[in-house]
Each structure stands twice: as C-alpha cells, then as structure tokens.
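K.L.:
Below is a structure I'd like to ask you about.
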Amino acid sequence: MVKRNWSYRLLQSLTAVALCLALVITGLGISVEAAQAQELIRRQNLFDRLFGGPKPREAAPPKRTIRRSKPQRQRAAPRSTRQQPRRQKRSSQQAAPRTAPAATASQSEKLENARSVLVVGDFMAGGLADGLETAYAEAPGVRVIDRTNGSSGFVRDDYYDWNGEIAAILEEVDPAVVVVMIGSNDRQDLTIDGRSAAPRSDPWLEEYRQRVKKFASTIAEENIPLIWTGLPPYKSSSMSSDMLAFNDIQKEAVESVGGAFVDIWEGFVDENGAFIFTGPDMNGQPVRLRGSDGINLTRAGRRKVAFYVEKPLNKVLGNAIQPDIEAEDIVDLPATAALSAPEAEPEKKNRTAPMSLASPELYGATDRISGSQETAISYSPMMLEAERKLKAEEESPRPELDAPAISGRADQYLARPPVSRSTEQEQQQSDSASQVQSEAWQTRGSTTAGSGE
C-alpha cells in the first residue's frame with residue numbers, strides 16, 4: 001500500500017514538472033515574438049497622437065531557409081553497357097551525310113542537264129571557282145565544278161601531274177567548258193633529264209612551253225572550249241615579273257589551239273602599273289582586292305576575276321545563264337566556233353555632210369546610218385514653205401553686209417577693203433600734199449598776223 005502511494009506521487013510530480021516546462025517554453029516563445037513586434041512598432045510621440053502619424057510597420061515575415069539536398073552519386077554503369085552506346089553513336093555519325101556548305105546547297109538546285117563549267121589549276125583557280133559560283137548562283141542551268149589543287153603547277157609534276165590527270169578528269173566530268181588558272185607556284189627549279197634548271201633559264205622556258213602546250217592541246221583535242229585566265233600581279237616585284245613571262249607563254253599556247261586567253265592584269269594595278277591592295281570592284285566601288293600577304297585574293301578580288309571570265313564564258317553557255325531557264329530550253333551551241341570566232345567589228349559610218357535644218361534628210365528621207373535607199377515620205381505644206389523661204393534668203397543679196405562701215409565705229413577697220421600697192425602710194429602722196437598745203441596755210445596765217453601788228 002505504501003509502495004503504491006509512492007509511485008502515484010512520483011507520477012504526479014513528473015506530470016507537474018512536464019506542465020511547468022511546457023508553460024515556460026510557451027511563455028518564452030510569446031515573449032520573443034512580442035519583443036520583436038515591439039521593436040518593429042514605431043513609438044508614438046505627442047504630435048503623432050494628436051494628428052495621427054504613419055502606420056506602424058508590420059513585422060517582416062521570418063526568412064525561410066531552404067537547404068538543398070546534395071545530389072546522390074550514381075554508380076557507374078558496367079563497362080560493357082557504357083561502351084555500347086558509344087559504338088552506336090559512332091556508327092550513326094558515319095552513316096549520316098556530311099553537312100554541305102551553302103555553295104554546295106545551291107549546286108543541288110541546278111537542273112539535271114545543267115551545263116558544267118570545269119575549273120582546274122592552283123590556289124588562284126580555287127578563288128576563281130568561288131567567284132564563278134557566286135556569279136552563277138541564280139542560274140539553274142550552269143553548274144561550276146571545282147577540281148583545283150592549291151599547291152600544284154606545271155613544274156612539280158612529281159607532286160601533281162596535270163598533263164597526266166587532265167584526260168581522266170575530262171572523261172569523268174564531261175564539261176561544257178574548261179576554265180584554267182595556273183602558274184603561281186611555278187617559280188621553282190625544273191628537273192629536265194635528271195638536271196635542275198633555274199627558273200626562266202633557256203632550258204627551263206623551253207620545257208615549260210612544252211608542258212603548257214601539251215595541257216592545252218589535250219583539252220582542245222576533246223573538242224571542249226578552253227578559257228585560260230591570266231595571272232595577276234603580286235606584291236613582290238620579282239614575282240610579278242615572272243607572272244608576266246608566264247602569261248606570255250600561256251597566251252601563245254592557248255591561242256595556238258583555238259582557246260581564249262583572259263588578261264586580268266590591268267584590273268589589279270594602278271594607273272602607273274604598280275601593284276595595289278585596294279581598287280575598284282566589278283561595280284567600280286573601291287574595295288580590298290588582295291590579302292595582307294600580297295598574294296591571295298579577297299572575296300571581292302575573286303569575284304572580280306570571275307567577272308573578267310564571264311564575258312567569254314557566257315558565249316559558250318548560251319541561254320543556260322538565264323535565271324528562269326527550264327531543262328527543256330537549254331540548247332547546246334557550237335561553243336568552240338563561237339569562242340574562237342573574232343568579234344565583229346562595228347560598221348564604219350561615213351561622216352555626214354552639213355545640211356540645212358529644214359532639209360528633208362533630217363526627217364528620214366535618206367537612211368544614212370544603214371545606207372539604205374531613199375524612201376518616199378510626204379511633207380506638210382508648212383515644211384515645204386519653210387524650206388522655200390530659207391533657200392530664197394540664201395540666194396537673195398544682202399546689201400547691208402557690203403555697205404562701208406561708219407567712220408569712228410569699231411568695225412570701220414574691219415570692213416575696209418584691201419588696198420593695192422599703187423593705191424597705197426597714191427594715198428601717201430596725197431597725204432604728203434595735204435600736209436604741205438596745211439603747213440603753207442599755217443605760214444601764210446602767221447605772216448598775215450605779223451603784218452597786221
């Protein structure tokens with residue numbers, strides 16, 4: 001009985017202690033909130049109590065602290081399952097087609113029977129091909145095919161032999177015309193029968209002529225029009241001198257097989273013939289034509305070279321250059337004859353003799369431009385009357401023009417008729433007699449005045 005009472009009292013004591021702790025904790029929380037609110041409430045003075053002050057600021061809500069949970073580390077997948085997607089990705093990349101540049105995308109829009117322009121040569125020819133693609137971007141009937149090799153030439157045939165490769169390229173592409181620009185890499189020693197020849201020496205020039213002539217003849221034998229673009233000047237004066245020599249050799253070889261040689265030298269020099277970095281573009285606007293190295297062409301420079309080539313090239317392409325051409329409208333022209341034929345000289349016109357403003361010839365009675373015969377044209381009575389009056393005025397005498405000039409007027413000496421030598425002597429004698437007579441009268445007058453005194 002005593003033990004049970006003791007346990008009951010212990011339970012009551014613990015319960016009382018728990019209640020006291022709960023009241024203390026609750027009171028502390030209320031006091032803290034009241035203290036915070038009291039600190040935030042602005043104290044009111046007498047002036048605020050009489051007239052009313054601003055409303056006390058409300059207590060700001062307590063800041064919430066958000067703890068970010070750390071990302072759980074995932075266990076690495078087994079090696080076999082990790083490498084499998086990589087193999088699949090690699091195979092998918094190989095199967096996917098390579099993204100083509102904008103120029104290639106435009107080529108895909110060409111017609112199936114578009115006329116192919118094959119461009120061959122070195123790095124300068126590559127720039128020419130880029131300019132031609134820009135020039136014929138809107139022509140669905142023209143396709144530009146770039147088969148250039150930047151470091152190639154006719155000297156280093158051990159690196160790339162153009163004479164050995166051009167026949168296979170022509171058979172593969174089957175072009176409508178071939179555009180060539182090559183020679184900028186040919187300022188090197190040339191190996192002839194195992195011996196090295198210096199650039200532009202006699203053996204070097206002879207071998208170089210043969211290689212250029214063979215290349216041009218291979219294209220001409222396939223009955224394909226050939227347009228050979230000359231080399232421009234460079235910043236180095238010695239290099240420019242070599243380019244001039246190469247141009248002469250290439251021009252002679254190309255014209256001997258019926259090709260067309262396009263000289264672009266004047267488009268990249270000033271009025272004194274000196275190299276320029278900046279000059280007029282195809283529209284006459286000043287632009288940068290050459291790179292900082294004085295060798296490569298800028299985009300505007302490449303377009304300008306293509307502009308020189310467009311004139312003979314358009315003769316070969318015919319109506320394929322039209323922007324709205326259809327596949328069935330493209331006509332194959334006798335390109336070789338059109339390319340090699342000289343340009344027609346303008347018809348010489350004889351100088352027209354002066355004629356009257358009222359002459360019927362001014363109104364089409366005689367076609368003096370084409371040399372055709374006269375045609376019958378009816379004239380109005382007013383025109384005929386004007387012509388009659390003009391002829392009458394020309395035939396009638398003009399006495400006012402033959403009248404002597406008035407003495408003292410500005411035209412008196414101009415209107416004086418020519419005087420012969422005899423008349424001039426008589427005039428001098430008359431003037432002398434008049435002068436003697438005048439002196440005699442003066443002497444007589446002075447004598448009379450003296451006798452009167």
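Numbering-wise (UniProt numbering), the sequence shown opens with residue 1 and increments by one. Just so you know, even glycine gets a beta-carbon here, dropped at the ideal spot from N, CA and C. The model shown is predicted, which means the values in this text are computed figures rather than measured ones.
If I'm right that Ile227 touches Val309 with Cβ under 8 Å, what's the distance once you round it to whole angstroms?
P.N.:
The residue given as residue 227 occupies position 227 in the sequence shown. The residue given as residue 309 occupies position 309 in the sequence shown. The Cβ separation is near 6 Å, so the contact holds.
K.L.:
According to DSSP, which residues form a beta bridge with Met181?
P.N.:
Position 181 of the sequence shown, counted from the start, is the residue given in the question as residue 181. The partner list for Met181 (beta bridge, DSSP) reads Gly121.
K.L.:
Assuming Leu289 and Phe268 make a contact with CB atoms under 8 Å, what is their CB distance in whole Å?
P.N.:
Against the sequence shown, residue 289 aligns to sequence position 289. Against the sequence shown, residue 268 aligns to sequence position 268. That belief holds up - the Cβ atoms of Leu289 and Phe268 are roughly 6 Å apart, short of 8 Å.
K.L.:
Report the rounded CA-to-CA distance for Lys315 versus Ile276, giving the unit in angstroms.
P.N.:
Locating residue 315 in the sequence shown gives position 315, counting from the first residue. Locating residue 276 in the sequence shown gives position 276, counting from the first residue. About 31 Å.
K.L.:
I'd like to know whether the C-beta atoms of residue 471 and Val119 end up nearer to each other than 8 Å.
P.N.:
The displayed coordinates of the chain run from 1 to 453. Any statement about residue 471 would go beyond what the structure contains.
K.L.:
Taking the Cβ atom as the reference point for each residue, do Glu207 and Leu231 lie within a distance shorter than 8 Å?
P.N.:
What you label residue 207 is simply residue 207 of the sequence shown in a count that begins at 1. What you label residue 231 is simply residue 231 of the sequence shown in a count that begins at 1. No, they are not a contact pair.
K.L.:
So if DSSP puts Asp146 in a beta bridge, which residue, or which two residues, is it bridged to?
P.N.:
Sequence index remark: in the sequence shown, residue 146 carries index 146 (1-based). According to DSSP, which records beta bridges pairwise, Asp146 is partnered with Val119.
K.L.:
Note down the Cα distance separating Asp270 from Gly279, rounded to an integer number of angstroms.
P.N.:
The residue labelled residue 270 in the question sits at position 270 within the sequence shown. The residue labelled residue 279 in the question sits at position 279 within the sequence shown. Their backbone Cα atoms lie some 8 Å apart in a straight line.
K.L.:
Please report how far the alpha carbon of Gly194 lies from the alpha carbon of Asp158, in whole angstroms.
P.N.:
In the sequence shown, counting from the first residue as 1, residue 194 sits at position 194. In the sequence shown, counting from the first residue as 1, residue 158 sits at position 158. Going by the C-alpha atoms only, they are around 13 Å apart.
K.L.:
When you compare the stretch 173-193 with the stretch 236-254, are there three or more beta-carbon pairs, one atom per stretch, that lie closer than 8 Å?
P.N.:
Output reads yes: the stretch 236-254 touches the stretch 173-193.
K.L.:
Would you identify the three-state DSSP class for Phe246, choosing helix, strand or coil?
P.N.:
What you label residue 246 is simply residue 246 of the sequence shown in a count that begins at 1. Note: Phe246 maps to helix in three-state DSSP.
K.L.:
Taking the Cβ atom as the reference point for each residue, do Ala253 and Arg303 lie within a distance shorter than 8 Å?
P.N.:
As a first step, residue 253 is located in the sequence shown; it is residue number 253 there, counting from the start. As a first step, residue 303 is located in the sequence shown; it is residue number 303 there, counting from the start. The answer is no: Cβ separation not under 8 Å.
K.L.:
If I measure Cβ to Cβ from Ala102 and keep anything under 7 Å in the same chain, skipping five residues before and after, which residues do I get?
P.N.:
Working through the sequence shown from its first residue, we reach residue 102 at position 102. With a pLDDT of 46 at Ala102, under the threshold of 50, the predicted position of this residue should be treated as unreliable, and no value is reported.
K.L.:
Helix, strand or coil, according to DSSP, for Leu297 in the structure here?
P.N.:
The residue given as residue 297 occupies position 297 in the sequence shown. The answer is strand: DSSP assigns Leu297 an E or B state.
K.L.:
Report all residues from its chain with a CB closer than 8 Å to the CB of Ile249; omit the five preceding and five following residues, and keep chain order.
P.N.:
Stepping through the sequence shown from its first residue, residue 249 is reached at position 249. Taken in chain order, the residues that qualify are Leu205, Tyr208, Arg209 and Val212.
K.L.:
Using CA coordinates, which residue listed in Ser256, Glu395, Asp130 and Ile321 is at the minimum distance from Asp146?
P.N.:
Within the sequence shown, residue 146 is the residue found at index 146, counting from 1. Checked all of Ser256, Glu395, Asp130 and Ile321; the closest Cα to Asp146 is Asp130.
K.L.:
Helix, strand or coil for Leu231, going by three-state DSSP, please let me know.
P.N.:
Working through the sequence shown from its first residue, we reach residue 231 at position 231. In this structure, Leu231 counts as coil in the three-state DSSP scheme.
K.L.:
On a Cα-Cα basis, can you pick out the residue from Arg200, Pro199 and Val179 that is closest to Ala220?
P.N.:
Start at 1 with the first residue of the sequence shown, and residue 220 comes out as number 220. When each option's Cα is compared against that of Ala220, the closest is Val179.
K.L.:
DSSP three-state call for Gly279: helix, strand or coil?
P.N.:
Position 279 of the sequence shown holds residue 279. If DSSP states are grouped into helix, strand and coil, Gly279 belongs with the strands.
K.L.:
Alpha carbon to alpha carbon, what distance is there between Gly121 and Val177?
P.N.:
Looking up residue 177 in the sequence shown gives position 177. Looking up residue 121 in the sequence shown gives position 121. Going from the Cα of Val177 to the Cα of Gly121 covers about 14 Å.
K.L.:
Specify, as a first and last residue, the run of the beta strand (DSSP E) that Pro203 falls within.
P.N.:
Position 203 of the sequence shown, counted from the start, is the residue given in the question as residue 203. Here Pro203 belongs to no beta strand (DSSP E); instead the alpha helix (DSSP H) covers Asp202 to Glu221.
K.L.:
Shortest alpha-carbon distance to Phe154 belongs to which of Phe215, Arg200 and Ala300?
P.N.:
Numbered from 1 along the sequence shown, position 154 holds the residue referred to as residue 154. Nearest of Phe215, Arg200 and Ala300 to Phe154, Cα basis: Phe215.
K.L.:
Drop a sphere of 10 angstroms on the beta-carbon of Asn319, count the other beta-carbons inside from all chains shown, and report buried for 16 or more, exposed for fewer.
P.N.:
Translated into positions along the sequence shown, residue 319 becomes position 319. It is exposed - the Cβ of Asn319 has fewer than 16 other Cβ atoms within 10 Å.
K.L.:
The beta strand (DSSP E) that contains Arg288, what's its start and end?
P.N.:
Residue mapping note: residue 288 aligns to position 288 of the sequence shown, counting from 1. Where Arg288 is concerned, the enclosing beta strand (DSSP E) stretches over Pro286 to Arg288.
K.L.:
Helix, strand or coil: how does DSSP classify Ser292 here?
P.N.:
Counting from 1 along the sequence shown, the entry for residue 292 is found at position 292. Residue state, collapsed to three classes: coil.
K.L.:
Who are the Cβ neighbours of residue 455 in its own chain at under 7 Å, not counting the five residues just before and after it?
P.N.:
This structure gives no information on residue 455, because the portion of the chain shown stretches from 1 to 453.
K.L.:
Measuring CA to CA, which of Ala274, Ala114 and Leu297 is closest to Asp281?
P.N.:
Counted from its first residue, the sequence shown places residue 281 at position 281. Of the listed residues, the one whose Cα sits closest to Asp281 is Leu297.
K.L.:
Among all the DSSP beta bridges, which residues are the ones paired with Ile192?
P.N.:
Working through the sequence shown from its first residue, we reach residue 192 at position 192. Ile192 is bridged to Arg195.
K.L.:
Is Phe307 helix, strand or coil when you go by DSSP?
P.N.:
What you label residue 307 is simply residue 307 of the sequence shown in a count that begins at 1. Helix.
K.L.:
Among the residues of its own chain, which have a CB less than 6 Å from the CB of Met383, if the five just before and after it don't count?
P.N.:
Along the sequence shown, one-based indexing puts residue 383 at 383. No residues qualify anywhere along the chain.
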